[in-house]
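>
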Amino acid sequence: MIPQETVEEIKRTLDIVEVVEDFVTLKKKGKSWIGLCPFHVDSSPSMYVTPSMNLYKCFSCGASGDAIKFVQEKEGLNYVESLKYLAAKYGIKIIEKKRSPEEEEKHKRRESIYLTMNYAKDFFMRTMQTSQEGKSLGLGYFKNRGYNGDTINKFDLGYSLDAWDALEKSAFEKGYTETSLELAGLRSENEKGKKYDRFRGRVMFPIHDLSGRVIAFGARTLKKDGKPKYLNSPETEIYHKSDALYGIYHAKDALRIKDRCYLVEGYTDVISLNQSGIENVVASSGTALTEGQIKQIKRFTNNVTAVFDGDAAGLKAAIRGVDMLLEQGLNVRVVRLPEGEDPDSYCTQLGGTKFAEFLKDAETDFILFAAKLYNEEAKNDPLNKAEKVREVLKSIVKIPDTIQQEIFIKECATVFDISVDGLIKELNALTKREIERIEKEKTRARRPYENPNGAGSSGLPPSTPPPNMPSDLPPPPMDNFGDVPPPSFAPEFDIPEPHFDGENGYLPPLGPQEIPNSDQKDETSSRSTTGNRLSKLGIHEEEFIRILLLYGGAYVDDKVGYIYEYLFNELGSMMLEDEFCQQILVDYKNETAMGEVPSVNHFKEKYSSEKDRKTLQRITDLNEEHKPSDEWFKRHRIMIPTMDENIGRLAYNSLLHYKLTYLSDLIDQCNTGLLEAEKNGNDEKMMEALQLLTLLVQQRKDIATELGITIKL
1 MIPQETVEEI KRTLDIVEVV EDFVTLKKKG KSWIGLCPFH VDSSPSMYVT
51 PSMNLYKCFS CGASGDAIKF VQEKEGLNYV ESLKYLAAKY GIKIIEKKRS
101 PEEEEKHKRR ESIYLTMNYA KDFFMRTMQT SQEGKSLGLG YFKNRGYNGD
151 TINKFDLGYS LDAWDALEKS AFEKGYTETS LELAGLRSEN EKGKKYDRFR
201 GRVMFPIHDL SGRVIAFGAR TLKKDGKPKY LNSPETEIYH KSDALYGIYH
251 AKDALRIKDR CYLVEGYTDV ISLNQSGIEN VVASSGTALT EGQIKQIKRF
301 TNNVTAVFDG DAAGLKAAIR GVDMLLEQGL NVRVVRLPEG EDPDSYCTQL
351 GGTKFAEFLK DAETDFILFA AKLYNEEAKN DPLNKAEKVR EVLKSIVKIP
401 DTIQQEIFIK ECATVFDISV DGLIKELNAL TKREIERIEK EKTRARRPYE
451 NPNGAGSSGL PPSTPPPNMP SDLPPPPMDN FGDVPPPSFA PEFDIPEPHF
501 DGENGYLPPL GPQEIPNSDQ KDETSSRSTT GNRLSKLGIH EEEFIRILLL
551 YGGAYVDDKV GYIYEYLFNE LGSMMLEDEF CQQILVDYKN ETAMGEVPSV
601 NHFKEKYSSE KDRKTLQRIT DLNEEHKPSD EWFKRHRIMI PTMDENIGRL
651 AYNSLLHYKL TYLSDLIDQC NTGLLEAEKN GNDEKMMEAL QLLTLLVQQR
701 KDIATELGIT IKL
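According to the UniProt record's numbering, the sequence shown is numbered sequentially starting from 1.
Encoded structure:
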């Protein structure tokens with residue numbers, strides 16, 4: 001963790017104009033500076049930089065913040081990485097708080113791997129540019145593909161000599177050790193114990209992280225009988241294949257500006273499109289997309305266009321890999337290339353301008369694309385057609401937006417010439433199975449954390465924070481509130497969501513019994529409130545805010561980050577019921593988005609009304625006068641944090657209690673819906689309500705077990 005005094009020194013020293021000018025040409029205009037905004041396609045200067053306020057603001061796309069936020073957005077860094085970037089720029093030495101011996105050893109190991117990988121990258125580039133073998137084979141290969149010198153240098157392309165120890169000898173001469181080469185995955189060992197260079201006689205494609213550091217290599221053999229054709233770096237401490245996207249470092253600015261990501265398969269696809277002027281492109285490197293890779297894309301855009309090769313076998317495999325994009329809420333379109341073509345070959349054939357036009361004209365929505373493709377394959381075979389319909393529905397069920405689901409259902413009904421009701425019925429069945437699948441996965445994922453005290457060795461009850469507890473923050477059961485979806489097209493059992501009124505902003509959720517009839521548009525029905533719901537959740541929301549305000553700036557570790565980051569991630573997009581707590585949450589998020597971790601004093605100064613000040617004082621004051629009585633925990637099952645306790649564990653337990661209460665409320669609503677369905681004799685709705693009720697009760701039971709609470713059913 002960077003000491004606060006160092007953070008303040010960085011903020012005092014930096015000049016926002018100097019920081020922004022590293023990326024944008026600025027011109028003086030009055031007391032401000034103006035330039036082209038780097039966060040969207042800007043034809044005339046629309047970004048203002050004001051040194052006196054240490055702020056930048058684009059009056060076109062709305063991007064704004066301070067110098068730290070600018071570096072975060074421009075370079076794809078987190079807050080701490082941005083501080084280190086600025087400290088290096090201004091020569092400020094960062095002396096981080098002392099690490100444990102294990103942490104220090106891990107840090108040194110990682111830095112050693114980064115240095116070794118960078119040396120290997122330089123060695124492979126130099127080998128290709130200077131050696132006879134490198135120029136003839138490596139450089140010749142890239143020139144034959146049409147790559148110019150700028151492109152070769154941009155992607156750090158290189159060549160590994162066809163020798164057993166070329167890299168090893170060179171690295172040893174420069175002081176790199178056998179251990180550093182092995183940790184970086186640059187050496188291999190055969191069954192006889194002989195060690196040798198992992199990459200030999202191959203053209204080299206360095207893989208960069210978001211900061212531009214080399215974390216791995218992809219290597220292609222140039223021998224006709226060479227196997228494997230492509231050889232990648234093994235997993236290391238800095239390289240996890242499931243989190244890496246080839247080309248993301250070179251694409252990040254274009255992804256944000258174009259607000260679209262072209263997804264291709266291979267290294268050469270990315271490079272060819274880049275050279276042709278299409279820079280918003282990344283590759284999954286021939287593997288199925290993972291959640292980690294999708295999260296990287298979502299940092300810059302929610303719009304993805306998958307560019308599929310023309311062959312039928314590869315097309316079907318690629319279609320199956322798109323479901324995770326849909327599941328993560330991305331807008332997915334596809335482009336199918338002509339038979340026998342891939343993005344690299346077809347872009348080279350057409351040229352950059354015409355290929356860009358082709359991508360724009362040929363793209364279509366993924367669901368409709370898959371429906372039409374499967375319908376053509378099924379032809380007049382009813383059984384085959386039924387199976388193809390299910391394949392498309394399996395993709396639709398991944399889409400979290402129910403309105404989009406309904407639109408796609410209607411369009412697919414037209415494509416397959418089948419009734420909408422039939423598709424809805426099958427989709428509901430698939431939805432139920434998907435809920436069961438998700439719950440099974442969550443149960444498996446929870447198992448390492450089922451006993452937070454560690455294998456029950458402490459002998460303490462689960463609800464008591466064990467002494468000297470490590471600061472790890474495992475995700476509470478039920479990772480996010482929205483993860484328990486209701487049956488599709490059954491609104492009477494819908495889990496309530498906050499709704500937005502243009503005049504009054506966000507209003508409390510409506511329970512099932514309070515959903516107004518479609519004909520009732522009066523003000524009273526549209527603004528029904530749930531006082532009982534608020535009374536149940538409010539006390540837990542205040543505890544959530546208390547921990548956020550008093551300990552949000554506490555840093556846990558590199559994996560978890562700050563307490564406020566953990567709390568925000570667990571809360572997701574959920575809104576708090578209490579208006580005052582929700583306002584603090586919004587203001588806190590805005591401040592951290594600007595690079596500041598606000599203190600309690602910040603809110604005391606911000607909120608001027610006497611009522612708000614008293615509420616804030618009541619929530620945050622922990623002196624003896626306001627200390628809760630001994631009966632507090634017995635009555636409310638809430639532990640009030642103090643500075644000598646483990647804040648990470650308290651934050652974790654606070655979320656568990658909140659989710660427990662939230663689930664109990666949902667169960668009450670589901671029971672109401674069940675009784676209503678039984679009264680009306682609606683067997684189908686009764687079954688749906690029972691299935692959802694079973695799911696919710698199990699969730700509540702899991703959390704109660706975690707907290708050591710017995711719930712009477």
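Note that CB positions come from ideal geometry on N, CA and C, so glycine has one too.
#1: Helix, strand or coil, according to DSSP, for Ile-34 in the structure here?
#2: Enumerated in chain order, which unbroken segments of the alpha helix (DSSP H) with a length of 4 residues or greater are wholly contained in the stretch 644-701?
#3: Does DSSP put Met-469 in a helix, a strand or coil?
#4: Using a 10 Å radius around the Cβ and a threshold of 16 neighbouring Cβ atoms, would you call Phe-408 buried or exposed?
#5: Just verifying my parser: in three-state terms, what is the DSSP assignment at Tyr-239?
#6: Using a Cβ-based criterion (distance less than 7 Å to any ligand heavy atom), does Leu-368 qualify as near the ligand GTP?
#7: Compare the Cα-Cα distances from Asn-78 to each of Arg-299, His-540 and Pro-38 and report the closest residue.
#8: Straight-line CA distance for Leu-80 to Leu-585?
#9: In three-state terms, what does DSSP make of Asn-384?
#10: Which same chain residues end up closer than 7 Å to Arg-233 when comparing Cβ atoms and leaving out the 5 residues on each side of it in sequence?
#11: In whole angstroms, what separates the C-alpha of Glu-357 from that of Leu-427?
#12: Tell me the rounded alpha-carbon separation between Ile-667 and Ala-677.
#13: Report the residue from Lys-385, Glu-9 and Gly-247 whose alpha carbon sits nearest the alpha carbon of Tyr-374.
#14: Could you tell me whether the stretch 150-168 touches the stretch 192-209, using the rule of 3 or more Cβ pairs below 8 Å?
#15: Contact between the stretch 141-151 and the stretch 261-277: three or more CB pairs below 8 Å?
#16: Evaluate contact between the stretch 323-339 and the stretch 391-401, counting only Cβ atoms and requiring at least three cross-stretch pairs below 8 Å.
#17: May I ask you to verify whether the stretch 249-257 touches the stretch 169-184, counting CB pairs closer than 8 Å and requiring at least 3?
#18: Would you say the stretch 329-346 touches the stretch 294-309, given that touching needs at least three Cβ pairs under 8 Å?
#19: Would you kindly check if the distance between the Cβ of Leu-650 and the Cβ of Ile-545 is under 8 Å?
#20: Per DSSP, Met-204 forms a beta bridge with which residues?
#21: Alpha carbon to alpha carbon, how far is Asn-682 from Leu-245? Give it in angstroms, no decimals.
#22: Taking just the CA atoms, how far does Leu-393 sit from Glu-670?
#23: Taking 8 Å as the threshold, find out whether the stretch 117-134 comes into contact with the stretch 92-104 through three or more Cβ pairs.
#24: Just curious, the alpha helix (DSSP H) that Ser-285 is in, first and last residue?
#25: Between Thr-221 and the rest of its own chain, which residues show a CB-CB distance below 7 Å, the 5 nearest in sequence each way excluded?
#26: By Cβ distance below 8 Å, which residues in the same chain neighbour Glu-377 in space, the five residues on each side in sequence not counted?
#27: Kindly give me the distance between the Cβ atoms of Arg-109 and Glu-237, rounded to whole angstroms, as I take these residues to be in contact under 8 Å.
#28: Below 8 Å between beta carbons: does that hold for residue 715 and Leu-571?
#29: Could you give the DSSP three-state label for Cys-58: helix, strand or coil?
#30: For Ala-689, count neighbouring C-beta atoms within 10 Å of its own C-beta (all shown protein chains included) and say buried if the count is 16 or more, exposed if not.
#31: Measure the CB-CB distance between Val-415 and Lys-372 and report whether it falls below 8 Å.
#32: Can you tell me whether Gly-292 is buried or exposed, with buried defined as 16 or more other CB within 10 angstroms of its CB?
#33: What do you reckon, are the CB atoms on Glu-595 and Lys-57 nearer than 8 Å?
#34: May I have the straight-line CA-CA distance separating Gln-132 from Arg-187, to the nearest angstrom?
#35: According to DSSP, is Asn-78 helix, strand or coil?
#36: Does DSSP put Met-575 in a helix, in a strand, or in coil?
Checking against the coordinates, here is how it stands:
#1: Strand.
#2: 647-680
#3: Because Met-469 sits at a pLDDT of 33, beneath the cut-off of 50, its placement in the model cannot be relied upon, and the point is left open.
#4: buried
#5: coil
#6: The ligand GTP is not part of the structure shown, which contains no ligands of any sort.
#7: Cα-wise, what sits closest to Asn-78 is Arg-299.
#8: One point to set straight first is that residue 80 is Val, not Leu, in the sequence displayed. Computed Cα separation, rounded: 22 Å.
#9: helix
#10: Going by the sequence as given, residue 233 is Ser instead of Arg. Taken in chain order, the residues that qualify are Gly-185, Ala-216, Phe-217 and Tyr-239.
#11: 36 Å
#12: Their Cα atoms are separated by approximately 15 Å.
#13: With distances taken between Cα atoms, Tyr-374 lies closest to Lys-385.
#14: yes
#15: The answer is yes - the stretch 261-277 touches the stretch 141-151, with three or more Cβ pairs under 8 Å.
#16: yes
#17: no
#18: yes
#19: Judged by their CB atoms, Ile-545 and Leu-650 are not nearer to each other than the 8 Å cut-off.
#20: Gly-158 and Ala-219
#21: 50 Å
#22: Just to set this straight, residue 670 is Cys in the shown sequence, not Glu. Rounded to whole angstroms, Cys-670 to Leu-393 spans 26 Å at the Cα level.
#23: Under the three-pair Cβ rule at 8 Å, the stretch 117-134 does not count as touching the stretch 92-104.
#24: No alpha helix (DSSP H) contains Ser-285, which DSSP labels as neither H nor E.
#25: Gly-201, Arg-202 and Lys-229
#26: Asn-384 and Lys-388
#27: 6 Å
#28: Since the displayed the chain opens at 1 and closes at 713, residue 715 lies outside it and no answer follows.
#29: Reduced to three states, the DSSP call for Cys-58 is strand.
#30: buried
#31: Contact flag set, yes.
#32: exposed
#33: The question names Glu, yet the displayed sequence has Gly at residue 595. Going by C-beta atoms, Gly-595 is not nearer than 8 Å to Lys-57.
#34: 24 Å
#35: Here Asn-78 sits in coil by DSSP.
#36: coil
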